[in-house]
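Novice: In full-length UniProt numbering, the protein residues as written are 1 to 641.
#1: Taking buried to mean at least 16 other C-beta atoms within 10 Å of its own C-beta, is residue 156 buried or exposed?
#2: Write down the C-beta distance between residue 293 and residue 272 rounded to the nearest angstrom, noting that I regard them as a contact closer than 8 angstroms.
#3: Based on the DSSP output, what are the partners of residue 535 in its beta bridges?
#4: Can you tell me which of the three DSSP states residue 637 falls into?
#5: Would you identify the three-state DSSP class for residue 195, choosing helix, strand or coil?
#6: From residue 516 to residue 537, what does the alpha carbon distance come to, in whole angstroms?
#7: Does the Cβ of residue 391 have 16 or more other Cβ atoms within 10 Å, making it buried, or fewer, making it exposed?
#8: Which residues in the same chain have their Cβ closer than 7 angstroms to the Cβ of residue 445, if we skip the five residues on either side of it in sequence?
#9: DSSP three-state label for residue 486, please.
#10: Could you spell out the range, first to last residue, of the beta strand (DSSP E) harbouring residue 249?
#11: What does the Cβ neighbour count give for residue 514, buried or exposed, with the cut at 16 atoms within 10 Å?
#12: What does residue 145 pair with, by DSSP beta-bridge criteria?
#13: Could you give the distance in angstroms between the alpha-carbon of residue 290 and the alpha-carbon of residue 280?
#14: Less than 8 angstroms between the CB atoms is what I'm expecting for residue 166 and residue 187, so what's the real figure, rounded?
#15: According to the neighbour-count rule (16 or more other Cβ atoms, all chains shown, within 10 Å of its Cβ), is residue 506 buried or exposed?
#16: Could you give the residue range of the alpha helix (DSSP H) that holds residue 183?
#17: Do residue 381 and residue 354 have their C-beta atoms within less than 8 angstroms of each other?
#18: What would DSSP say about residue 437, mapped onto helix, strand or coil?
#19: Quick one: residues in its chain with C-beta nearer than 8 angstroms to the C-beta of residue 224, no 5 flanking neighbours on either side, listed in chain order?
#20: What's the C-alpha gap between residue 518 and residue 618?
#21: For residue 613, report the span of its alpha helix (DSSP H) as first-last.
#22: Flag this pair as touching only if the segment 521–540 and the segment 475–482 have three or more C-beta atom pairs under 8 angstroms; answer yes or no.
#23: Return the chain-ordered list of same chain residues with a C-beta closer than 6 angstroms to the C-beta of residue 408, the five sequence neighbours on each side being excluded.
#24: Express the C-alpha separation of residue 539 and residue 572 in angstroms, rounding to a whole number.
#25: Given a threshold of 16 other Cβ atoms within 10 Å of its Cβ, counted over all protein chains shown, does residue 642 qualify as buried or as exposed?
#26: Ends of the alpha helix (DSSP H) at residue 447?
#27: Quick check on the burial criterion: 16 or more other C-beta atoms within 10 angstroms. Buried or exposed for residue 284?
#28: Contact between the segment 580–588 and the segment 95–110: three or more CB pairs below 8 angstroms?
#29: Shorter than 8 angstroms from the beta carbon of residue 489 to some beta carbon of chain D?
#30: Within 10 Å of its beta-carbon, does residue 551 have 16 or more other beta-carbons around it, so buried, or fewer, so exposed?
#31: Please find out if some non-hydrogen atom of the ligand ZN comes closer than 7 angstroms to the beta-carbon of residue 326.
#32: Which residues does DSSP list as the beta-bridge partners of residue 99?
#33: How should residue 472 be labelled, buried or exposed, when 16 other C-beta atoms within 10 angstroms of its C-beta is the threshold for buried?
#34: For residue 251 versus residue 491, is the C-beta spacing smaller than 8 angstroms?
#35: Take the Cβ of residue 306 as the centre, count every other Cβ of all protein chains shown within 10 Å, and call the residue buried at 16 or more, exposed below.
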């Protein structure tokens, strides 16, 4: 698409280099936000944990046992990727004679391109134990990656320990062989290392695609197929060489005992939920006595839930501090040390996801890219931009790049050094817009400690005046390395204080803004002062329940979507543009990236805007846990706007 055709979609910074005061005339929105595209989940840090915390003394396992509670509310932490030699990863010998790596990659809920990116990166970084299932609906994606890795000689077939599972709708013995063959074809392998029965409970078979059939009363239709009969059919798969080892999942002791009394081939593992909040001590002891390994799914807690209580226990924090490891690494080491094989699942691919998202965004017309030091993806964002410049898709002057000064760098003497590091990481000659991420400063410990905490796990804040920080940012404009400066998460009083003392006016204030928090008063305040409001989280936070936020699923939004033949997301983004903000939705999904841009071929009426205004409650969807000390003098959300 030519630059002229993009004119209405581009951010046009009006730069007056001879003057100290800059203004940013933002005409419309064409932005991709990269927050959360790079925070790699615990899976990628696990290898580092295995290698470097193997010296944890056994007496700390006693402290680990103290974390056992009945609560099973869970969440995964985000950590950096580490490349690991797979030869250094221990294996355990199964009762079948085969060896299984003591740590695996779980792939539940990983779909399509995201699944392929993560599995490839996992293999590249040392993973050799891959866990999937018919239910996960990603076997063909994993098979594609495996074949590519085999063809590229990145890894040999015999080096991969591949686990998949027989789903509950296929428990009838006559279905077992057919579905196993179908799974092997999807995975593009001629044998499966470990084949599990996903559950002892059988579900009525309707067809291969209906995995959870319900009756007219919306009740799951189970069946009475005996899991022993199913298992005996699975044993035949070992006899013909399609499967090397058999196992089960979600079995209790009574079911295991009955299976052992009737089987010809002993199961090598029982895959169950296991973490410090549910450490399965009794089941572990029974399995050990019968030479069965316990494989632990959800070892770090279930995703998309609240933080599990064991993460906040002092013993876990003490051990993590002692070994200079994350709590995630300590939990994984604990689970291995008590005899289980954890298979943490990750939903984020470090690097590739952000890079590919930005490249696709540029390809379809985005020119405004938003990142930050805190997002830990500036290198990948920079690479994507440079690659597209080299390909001739865009010129540097076509891209409006935004990044942010993080809170640990608020001391005026640190501002220039922090910025130069960011500029070097990004690999470009200048930054279009540099924001102060928050008005509250954090104590500086080192460059990697982004959330410094004391021994009681309290965030360590400082009293550095954000005005002094801003004045140091003004010097960056003078140097020519930054074209415009702005702020983020500032209230109206803080903005006015900046305006009363600055030499270079902030061009924008980036704040949470959605139909639930439409920031009308703050937007009016900013407009009077020639400051643009940039709206982050315009569609609500990710990982919320399927019926929240209300404004997304409401019949009101649906009515407008039908009226304009648009999606609810497009309706919301158009509303935010029409009330004078610049929304910056985050997405790594190529289809949604394109969809979010396609909002400029219609415009709301006054009645439409009035209808969308009814969603405004003033409630924040973003849990502002980056500032836990709400009595701090610069906490921005004590006043209305």
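Where is the CB? At the ideal position from N, CA and C, for every residue including glycine.
Everything numeric in this text was worked out from a predicted model, so none of it was measured.
Specialist: Taking the coordinates as given:
#1: exposed
#2: Going by Cβ atoms, the distance from residue 293 to residue 272 rounds to 11 angstroms, so no, they are not a contact pair.
#3: 511, 583
#4: coil
#5: strand
#6: 11 angstroms
#7: exposed
#8: 452
#9: strand
#10: 243–249
#11: buried
#12: The partner list for residue 145 (beta bridge, DSSP) is empty, contrary to what the question assumes.
#13: 15 angstroms
#14: The pair is not a contact, with the Cβ atoms about 14 angstroms apart (cut-off 8 angstroms).
#15: buried
#16: 173–187
#17: yes
#18: coil
#19: 202
#20: 7 angstroms
#21: 606–613
#22: no
#23: 442, 444
#24: 7 angstroms
#25: Nothing about residue 642 can be reported from this structure: the residues present for the chain run from 1 to 641 only.
#26: Residue 447 -> no alpha helix (DSSP H), and no H or E assigned at all.
#27: buried
#28: no
#29: The structure shown has no chain D; it contains just one protein chain.
#30: buried
#31: The ligand ZN is absent from the structure shown, which contains no ligand whatsoever.
#32: 93
#33: buried
#34: no
#35: Residue placement at residue 306 cannot be trusted, given a pLDDT of 45 that sits under 50; the coordinates are not used to answer.
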